[in-house]
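Written below as structure tokens is the structure these notes are about.
Protein chains in written order, with this note's numbering: chain A, 1 to 208; chain B, 209 to 416.
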């Protein structure tokens, strides 16, 4: 059963981590907090206690290649985390309620730094980096697919499941942005309750 | 009555604009598309057809001071835009439906570049620039206040109005992020319908 707190949106590297693992982990932490443009590859190297040469050894494509791997790794980790919450919960609305509550606790525990593993990058590269934009789209679609599948399993018709998944994910992403800006978990709890309400209404409607 | 399309989230400068107006307008366009870290002050000067010296003449505090003014200007403009939609609409749910539809049209008309005037900056500076974070918080609060006030006028109890305003704004911000990443207006329309549903349910509940 997952703890109520989301881990900092990426699994910590194994102990002791390899140099490559440290680089990916540092990239993940800096990208999700500062975005793509705000994070230099030298900063990532220093944060990972690695040389710039070793960063380019593992990622010959430089910052773009590293960011691509970080987005995919963070995307898979967040998906697995959602699936762990879903497996441990009584039903889909409870899983979503727990997930938002875990996100609120993580925000508080990290001084409102750790939010979605890809949103900050997704926002700042959407209009400037088509390849990374495509990666963020694939990650979002993987989450939407899992949510929509669980909605269908909960009895919601397929044509309602997709817009519902989009709304629940938008509530989560919007809540991350508002909670980080206002430095308050109020948006996360309000949006969690709204997401749960949307799911409960759709399930109740499907039953009648 | 406002057109169905949101203007590009900032009023265009008067014609002919002053140098200062061109700088603010260019800053607004670049910041909202690329974020704070991704936008250099030299790039803003070049985009505004101004010298770097004139940027520092008008904004001795440099990029931070310019960003602060851009965030406040964009925030006021977006608030006025919402109020124009609200004044022209039959009721609050219709105003919100029209606003999301206008946002979808603006995204399409600008190649998914123009979204919320402050979200991209709000995301990339939330953990790194306390002064600008506070500015984004004030702007979000001004929007939340207007939405909550209109919800109360629509008959929704005050204690429900605030979480509802947070949810509607989070749906809009999450939809901007997802629509820009997926390059599709599907998230904007799905989230608009969800926001309208939340408002209609709260109004119906308040009546019984």
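Glycine is no exception: its CB is placed at the ideal position from the N, C-alpha and C atoms.
Keep in mind the model is a prediction, meaning the values are calculated, not measured.
Residue i in three-state terms, based on DSSP
i                      : result
residue 399 of chain B : helix
residue 158 of chain A : helix
residue 379 of chain B : helix
residue 203 of chain A : helix
residue 331 of chain B : helix
residue 373 of chain B : helix
residue 196 of chain A : helix
residue 388 of chain B : helix
residue 416 of chain B : coil
Where residue i falls, given that 16 or more other Cβ within 10 Å makes a residue buried
i                      : result
residue 415 of chain B : exposed
residue 93 of chain A  : buried
residue 163 of chain A : buried
residue 42 of chain A  : exposed
residue 331 of chain B : buried
residue 37 of chain A  : buried
residue 337 of chain B : buried
residue 343 of chain B : buried
residue 255 of chain A : Given a span of 1 to 208 for chain A in the structure shown, any question on residue 255 of chain A remains unanswerable.
residue 254 of chain B : exposed
residue 51 of chain A  : exposed
residue 16 of chain A  : exposed
residue 395 of chain B : buried
residue 49 of chain A  : exposed
residue 205 of chain A : exposed
residue 366 of chain B : exposed
residue 40 of chain A  : exposed
residue 18 of chain A  : exposed
residue 119 of chain A : buried
residue 212 of chain B : Residue confidence is low: residue 212 of chain B scores 45 on pLDDT, short of 50, so the model does not pin down where it sits. Its coordinate-derived value is still stated next. With fewer than 16 other Cβ atoms within 10 Å, it is exposed.
residue 270 of chain B : exposed
residue 400 of chain B : buried
residue 194 of chain A : buried
residue 155 of chain A : exposed
residue 298 of chain B : exposed
residue 1 of chain A   : Confidence at residue 1 of chain A is low in this model, with a pLDDT of 38, below 50, so its placement is unreliable and the value that follows should be read with caution. Exposed, since its Cβ has fewer than 16 Cβ neighbours within 10 Å.
residue 339 of chain B : exposed
residue 104 of chain A : buried
residue 397 of chain B : buried
residue 319 of chain B : exposed
Minimum Cβ-Cβ distance from residue i to chain D less than 9 angstroms
i                      : result
residue 127 of chain A : No chain D is part of this structure, whose protein chains are labelled A and B.
Limits of the unbroken alpha helix (DSSP H) element including residue i
i                      : result
residue 71 of chain A  : 62-88
residue 53 of chain A  : 52-58
residue 230 of chain B : 227-242
residue 347 of chain B : 338-361
residue 254 of chain B : 249-255
Exercise. Counting Cβ pairs, one atom from each stretch, are 3 or more of them under 8 angstroms apart for the segment 70-89 of chain A and the segment 181-188 of chain A?
Worked result: no
Problem set entry | Any 3 or more C-beta pairs closer than 8 angstroms across the segment 339-351 of chain B and the segment 280-290 of chain B | yes
Problem set entry | Continuous alpha helix (DSSP H) assignments of at least 4 residues falling wholly in the segment 300-329 of chain B | 300-317
For this session: Check whether the segment 159-174 of chain A touches the segment 62-71 of chain A, counting contact only when three or more Cβ pairs, one atom from each stretch, lie closer than 8 angstroms.
Result: no
Exercise. Are the segment 359-373 of chain B and the segment 55-66 of chain A touching by the rule of at least three beta carbon pairs closer than 8 angstroms?
Worked result: no
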